[in-house]
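Residue 99 in the numbering used here sits at position 68 of the sequence shown, and the numbers go up by one each step.
Every residue, glycine too, gets a C-beta built ideally from N, C-alpha and C.
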Amino acid sequence: MFEDISRVLLITDMDGTFLPASKIPSRANLEAVERLQKAGGRFSIATGRSLQASQQYFDLLTVNAPIIMCNGGMVYDINEKIQYYDVYLPEKARCFTDTILRNNSNVGCEVLLLDGVFVPQMTPMEEQHCKICKVDPILCDVSSIPQNWYKVLFALEEDKMDGLIGFVESRGFEGVDFVRSAPFYYEMLPLDISKGSALKEMKKACGMDEYTVIAVGDYNNDIEMLKAADIGICPSNATEETKAAADIVLDISCEEDAIAKVVDLIFSKFDK
32 MFEDISRVLL ITDMDGTFLP ASKIPSRANL EAVERLQKAG GRFSIATGRS
82 LQASQQYFDL LTVNAPIIMC NGGMVYDINE KIQYYDVYLP EKARCFTDTI
132 LRNNSNVGCE VLLLDGVFVP QMTPMEEQHC KICKVDPILC DVSSIPQNWY
182 KVLFALEEDK MDGLIGFVES RGFEGVDFVR SAPFYYEMLP LDISKGSALK
232 EMKKACGMDE YTVIAVGDYN NDIEMLKAAD IGICPSNATE ETKAAADIVL
282 DISCEEDAIA KVVDLIFSKF DK
């Protein structure tokens, strides 16, 4: 499995894994990624963020493999500007979104497209999310949002999230999936897509079937990716469900340079 470092791919979630709460990548993590790449390894990210929301990090961080965006809705090569894989929500997701918002006026909402983040219902929680991601939201009605939705994100205070999830489950929306991607965020995704399914598509499209893949993530939207990888790893701040899916649970959190420790683990395999 660890015979040729040029056939090793490290792919990590961003928020809560590569990024600490400050959203500023640590020097140790950045230097570790650079060390891996200089040795010939490949590095990428798999995130629920849109391309626009991730762009701020590519001045600090070099990826030398395609990235997974929108929780598995897109595989994109930021260096070659190639979209390898896209899955969009069905058109009925528009009606589902409208129903959710009309019955939950306290819920913030954003719809992710390739060329923008559209916000049909702004709340303080949603405004905070836009600021964290450094995106310029396009405010408009649900009916005015163009086609080809990658995902819909609903933002709500953690102590109220169970109520939103209960409402969605009671409606039995068919043909889409819902996943909780953070304590404050609940997402509508195309049916049967995940970071894990996108990882499989990326390997096929990019000739990486023989690569050893190490995936790192902290939340429930990372579980399928950890299972799809050769080795799934999570930091100590991961949810219990994510820890149960991982092969390795680190004894340090995202606040303590977890990715640097993963890189050390990779190199230790080649030092034997």
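Straight-line gap, serine 267 to serine 175 (C-alpha atoms, nearest Å) = Taking the sequence shown and counting its residues from 1, the one referred to as residue 267 is at position 236. Taking the sequence shown and counting its residues from 1, the one referred to as residue 175 is at position 144. Cα-Cα distance, rounded: 42 Å.
Give the secondary structure of proline 214 by DSSP, where H, G and I count as helix, E and B as strand, and everything else as coil.
For the purposes of this step, residue 214 is taken as residue 183 along the sequence shown, with counting starting at 1. Secondary structure of proline 214 (DSSP, three-state): coil.
How would you label serine 37, buried or exposed, when you count the other beta carbons within 10 angstroms and need 16 or more for buried? Along the sequence shown, one-based indexing puts residue 37 at 6. Serine 37 is exposed by the Cβ-count criterion.
Suppose you measure from the CA of lysine 54 to the CA of proline 121; what does that come to, to the nearest Å?
By 1-based counting over the sequence shown, the position of residue 54 is 23. By 1-based counting over the sequence shown, the position of residue 121 is 90. Near 32 Å, if we compare the C-alpha coordinates of proline 121 and lysine 54.
| Where does the unbroken alpha helix (DSSP H) through methionine 256 begin, and where does it stop? | One-based indexing of the sequence shown puts residue 256 at position 225. For methionine 256, the uninterrupted alpha helix (DSSP H) segment begins and ends at 254–259.
Report task. Give the C-beta separation of valine 207 and leucine 220 to the nearest angstrom, bearing in mind that I take them to be a contact with Cβ-Cβ under 8 Å. Result -> As a first step, residue 207 must be located in the sequence shown, where it is residue number 176. As a first step, residue 220 must be located in the sequence shown, where it is residue number 189. That belief holds up - the Cβ atoms of valine 207 and leucine 220 are roughly 7 Å apart, short of 8 Å.
Assuming lysine 300 contacts phenylalanine 33 (C-beta within less than 8 Å), just tell me the rounded distance between them. The residue you call residue 300 lines up with position 269 of the sequence shown. The residue you call residue 33 lines up with position 2 of the sequence shown. Correct: roughly 4 Å between the Cβ atoms.
TODO: Could you say which of Ile290, Glu232, Gln114 lies nearest to glutamate 62 if we only look at CA atoms?
DONE: One-based indexing of the sequence shown puts residue 62 at position 31. Of the candidates Ile290, Glu232, Gln114, the one whose C-alpha sits nearest the C-alpha of glutamate 62 is Ile290.
>> Am I right that tyrosine 217 and methionine 192 are in contact with their C-beta atoms under 8 Å? What's the rounded C-beta distance?
In response: Here the question's residue 217 lines up with position 186 in the sequence shown. Here the question's residue 192 lines up with position 161 in the sequence shown. Tyrosine 217 to methionine 192, Cβ: 6 Å. Contact.
Q) For glutamine 83 versus phenylalanine 74, is the C-beta spacing smaller than 8 Å? A) The residue labelled residue 83 in the question sits at position 52 within the sequence shown. The residue labelled residue 74 in the question sits at position 43 within the sequence shown. Judged by beta-carbon spacing, phenylalanine 74 lies beyond the 8 Å limit of glutamine 83, meaning their Cβ atoms are not closer than that value.
Task: Contact between the segment 265–284 and the segment 243–253 (3+ Cβ pairs under 8 Å) - done: Inter-segment contact for the segment 265–284 and the segment 243–253 is present: three or more beta-carbon pairs are separated by less than 8 Å.
My understanding is that alanine 260 touches leucine 230, with C-beta atoms under 8 Å, so please give their C-beta distance in whole angstroms. As a working mapping, residue 260 is identified with position 229 in the sequence shown. As a working mapping, residue 230 is identified with position 199 in the sequence shown. Taking 8 Å as the upper bound for CB-CB distance, alanine 260 and leucine 230 are in contact here, some 7 Å apart.
Self-check item: Those residues which DSSP pairs with glycine 147 across a bridge
Solution: Sequence index remark: in the sequence shown, residue 147 carries index 116 (1-based). The partner list for glycine 147 (beta bridge, DSSP) reads Leu144.
Kindly list the residues whose CB is nearer than 8 Å to the CB of tyrosine 304, restricted to its own chain and excluding five residues on each side of it in sequence; keep chain order.
Shown here, the chain extends from 32 to 303; a query on residue 304 therefore has no answer.
### Query
Any idea what DSSP makes of glycine 79, helix, strand or coil?
On the sequence shown, residue 79 is found 48 positions in, with the first residue counted as 1. Glycine 79: coil per DSSP, three-state reduction.
Item to check | Paired residues, beta bridge with threonine 43 - DSSP | outcome: Start at 1 with the first residue of the sequence shown, and residue 43 comes out as number 12. Answer by DSSP bridge pairing, in chain order: Ile76, Val247.
- Task: Would you check if there are 3 or more beta carbon pairs closer than 8 Å linking the segment 120–138 to the segment 176–190?
- Result: When C-beta atoms of the segment 120–138 are compared with those of the segment 176–190, three or more pairs fall below 8 Å, so the two segments count as touching.
Taking all protein chains shown into account, do 16 or more other C-beta atoms lie within 10 angstroms of the C-beta of aspartate 146, making it buried, or fewer, making it exposed?
Along the sequence shown, one-based indexing puts residue 146 at 115. With fewer than 16 other Cβ atoms from the protein chains shown falling within 10 Å of its own Cβ, aspartate 146 counts as exposed.
#### Entry: 8 Å Cβ cutoff met for isoleucine 113 and valine 94
The residue labelled residue 113 in the question sits at position 82 within the sequence shown. The residue labelled residue 94 in the question sits at position 63 within the sequence shown. Their beta carbons are not under 8 Å apart, which means isoleucine 113 does not touch valine 94 by this criterion.
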